[in-house]
Amino acid sequence: MSLSASKQKRLAAKAAKAKKGASKDTAKINSIVSELDEQTKQLSLHASRTATGVLTSQPRSRDIKIESYSLSYYGRSLIQNSTIELNYGRRYGLIGSNGSGKSTFLMSLGQQDIKLPEQIDSYVLNEEAEPTQLTPIEYVVKHAKEELERIEKEIEHLLAEDGGADNPIIEDLYERVDFLDPSTFEPRAAELLHGLGFSKKMVAKPTKDLSGGWRMRVALAKALFIRPTLLLLDEPTNHLDLEAVVWLEEYLRSYDKILVLVSHSQDFLNSVCTNIIHMNHKHQLVYYGGNYDTYVRTRSELEANQMKAYEKQQSEIEHIKKFIASAGTYANLVRQAKSKQKIIDKMEAAGLIEKVIPPLKYSFKFTNVEKLPPPVLSFENVAFSYDGNVKHALYHDVNLAVDMDSRVALLGPNGTGKSTLLKLIMSEIEPTVGRVVRHNQLKVGKYNQHSADQLDLNKSPVEYMRDNFSKVSSDTDFWRQYLGKFGLTGSHQTSKIATLSHGLRSRLVFCELALQQPHIILLDEPTNHLDIESIDSLAEAINAFSGGIVLVSHDFRLISQVAKELWLCEGGEINTFEGDIKEYKEKLRKSLLKKQASQ
């Protein structure tokens, strides 16, 4: 017996509805599981972190002061008996070597291990937005509405208290409510996302369809939208192109609350910061006024003065000790010797001036290789499209060459084909039109921002290198020495990779790359997670390398240190940019200001 057409349609519609409901339930369950996994992860990280300190700022103050602050992570001391002092209206750059605990410190502040007053809300950006059905605009607006509801409830709570209406905190909360005007939510969210590089097509996608890098931008837009009293940004430029970095610089320069950011970019720190906090080798927080360049000058002057005082004091001690040693047994000289010894004792009791010990300098070094005669690698009338349709090609008629003397930096907004060009060089993909011609002995090596994700987190760096390069050596001491050259020293060599900072993991990837001995090295965002000293060492390694380099980076300073050619990916073409990276940045800034003026 067959069903009627109308009944078939009804049953099909019912089945579709049931399937849709089941799909929604599955999505909801997956969302809940994902949220629980994230909460479990955060609880695990929190359990491995211990912080102590005393909040000493005034209860109603918008400044933060915590004294006797100490922080440890997996039992390793990061900060000892130091002071956290953050003043409202200031923008702090947090710097320190890889593995010193900068990210852990931000998490400790953001998750309020030391409870802050109610009026100080905090937000720490250290992970991307969750994959949801919401578009980026909807995601940002949703969290803005939640923040507005939280502030309104706080106002109600304060007004219910005796004398609550006279509480100065109320005025700040009213300002926040005025700022978070629901009628402006969508256009403001769209403006932030556009500044961070989102196209109209991108903002229409659900966050579940975005890559981790783009979801990080959504999370950054959310943080900038709600403008918390204490905003903590952990390497916010890592997933941005140069255009978005310039936009973010301009935006953060006017952040009028408390901003603490970790960044590897000296250029970015110079443009944004009013103060620098240095996490030094003695596990102390040391504060400097001014931007990064001012910090470098001030620290250099202080250390020069300290060394002069140290040498003078040591000279005095040596002179006194010589006198004491020559005093012999004459009564009057013995009395003088005892008097001189008391001078030394007083110096020691007061604390001797310490000798300035410069930080260890780690030298990245890529293995030099024999020169291959040109042409080493060339593009001949290349066009590429991911769907195979040349009409949709990212670029057309590309005629460029890379040889072993090349120092090329690729410029252009995200989505214009920089990473695709690297894939073509690596032979990971083939041109839609034209060809890429390679020397038959050419060996290409690649570092990308996700390389560290491929490491075996359950092994130590020594075990990882020994197992992966057993043909080179199986000797533990050999690998300890080799890793030390790349800044992986002491307990970091034998700790599980899972417990290492992202910066230390990046150094391990560079160890691997150096052993591969490529003729041309492709570097896709190599500065992500590296500290400033390591970036300078990387620049030196690039300049000393006998092979070719093709670089994609959002770090203007690294580009200025190494690039001899700038290739601009824009408008379906790849052309040489006539000018240096400073001129390119100024071009971007002028374009941004012109666009803002016309809005």
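Take any residue in the sequence shown, note its place counting from 1, add 549, and you have its number in my numbering.
By construction, the Cβ of each residue, glycine as well, lies at the ideal position given by its N, Cα and C atoms.
None of these values were measured; they are calculated from a predicted model.
Considering only the alpha carbon of each residue, which of the options lies closest to residue i?
{"i": "residue 816", "options": "1109, 1145, 1114, 1115", "result": "1109"}
{"i": "residue 841", "options": "1066, 859, 820, 853", "result": "820"}
{"i": "residue 995", "options": "1083, 1008, 975", "result": "975"}
{"i": "residue 776", "options": "839, 707, 1115, 637", "result": "637"}
{"i": "residue 953", "options": "924, 603, 930, 964", "result": "924"}
{"i": "residue 835", "options": "1084, 1043, 641, 1048", "result": "641"}
{"i": "residue 1116", "options": "1039, 948, 1106", "result": "948"}
{"i": "residue 1128", "options": "958, 667, 1035", "result": "958"}
{"i": "residue 1084", "options": "979, 688, 1053", "result": "1053"}
{"i": "residue 874", "options": "859, 890, 864", "result": "890"}
{"i": "residue 1047", "options": "1020, 862, 1008, 639", "result": "1008"}
{"i": "residue 1064", "options": "1034, 938, 686", "result": "1034"}
By DSSP, does residue i sit in helix, in strand, or in coil?
{"i": "residue 933", "result": "strand"}
{"i": "residue 1097", "result": "strand"}
{"i": "residue 990", "result": "coil"}
{"i": "residue 607", "result": "coil"}
{"i": "residue 1110", "result": "helix"}
{"i": "residue 551", "result": "Confidence at residue 551 is low in this model, with a pLDDT of 41, below 50, so its placement is unreliable and no value can be given for it."}
{"i": "residue 1040", "result": "helix"}
{"i": "residue 753", "result": "coil"}
{"i": "residue 776", "result": "coil"}
{"i": "residue 744", "result": "helix"}
{"i": "residue 652", "result": "helix"}
{"i": "residue 645", "result": "coil"}
{"i": "residue 976", "result": "coil"}
{"i": "residue 708", "result": "helix"}
{"i": "residue 1020", "result": "coil"}
{"i": "residue 573", "result": "The pLDDT assigned to residue 573 is 49, lower than 50, so where the model puts this residue is not dependable, and the model offers no usable value."}
{"i": "residue 598", "result": "strand"}
{"i": "residue 945", "result": "strand"}
{"i": "residue 678", "result": "coil"}
{"i": "residue 701", "result": "helix"}
{"i": "residue 690", "result": "helix"}
{"i": "residue 915", "result": "coil"}
Quick check on the burial criterion: 16 or more other C-beta atoms within 10 angstroms. Buried or exposed for residue i?
{"i": "residue 906", "result": "exposed"}
{"i": "residue 651", "result": "buried"}
{"i": "residue 692", "result": "buried"}
{"i": "residue 662", "result": "buried"}
{"i": "residue 770", "result": "buried"}
{"i": "residue 805", "result": "exposed"}
{"i": "residue 669", "result": "buried"}
{"i": "residue 584", "result": "At residue 584 the pLDDT is 48, less than 50, meaning the model places this residue with poor confidence and gives no usable figure here."}
{"i": "residue 1081", "result": "buried"}
{"i": "residue 1132", "result": "exposed"}
{"i": "residue 737", "result": "buried"}
{"i": "residue 1134", "result": "buried"}
{"i": "residue 892", "result": "exposed"}
{"i": "residue 1160", "result": "The question about residue 1160 has no answer, for the chain in this structure spans 550 to 1148."}
With the cut-off set at 8 Å, would you say residue i and residue j are in Cβ contact?
{"i": "residue 847", "j": "residue 837", "result": "yes"}
{"i": "residue 1087", "j": "residue 933", "result": "no"}
{"i": "residue 982", "j": "residue 1097", "result": "no"}
{"i": "residue 643", "j": "residue 826", "result": "yes"}
{"i": "residue 601", "j": "residue 627", "result": "no"}
{"i": "residue 792", "j": "residue 746", "result": "yes"}
{"i": "residue 778", "j": "residue 598", "result": "no"}
{"i": "residue 1061", "j": "residue 997", "result": "no"}
{"i": "residue 1125", "j": "residue 1104", "result": "no"}
{"i": "residue 808", "j": "residue 801", "result": "yes"}
{"i": "residue 683", "j": "residue 756", "result": "yes"}
{"i": "residue 786", "j": "residue 812", "result": "yes"}
{"i": "residue 772", "j": "residue 674", "result": "yes"}
{"i": "residue 726", "j": "residue 708", "result": "no"}
{"i": "residue 1118", "j": "residue 937", "result": "no"}
Just reading off the alpha helix (DSSP H) that residue i is part of, what are its end residues?
{"i": "residue 1140", "result": "1130-1147"}
{"i": "residue 1063", "result": "1051-1065"}
{"i": "residue 726", "result": "717-728"}
{"i": "residue 797", "result": "791-801"}
{"i": "residue 882", "result": "880-899"}
{"i": "residue 869", "result": "841-875"}
Counting along the chain, where does the beta strand (DSSP E) carrying residue i start and finish?
{"i": "residue 824", "result": "824-828"}
{"i": "residue 1125", "result": "1122-1125"}
{"i": "residue 958", "result": "956-960"}
{"i": "residue 615", "result": "613-622"}
{"i": "residue 836", "result": "834-838"}
{"i": "residue 630", "result": "625-635"}
{"i": "residue 811", "result": "807-811"}
{"i": "residue 1070", "result": "1069-1073"}
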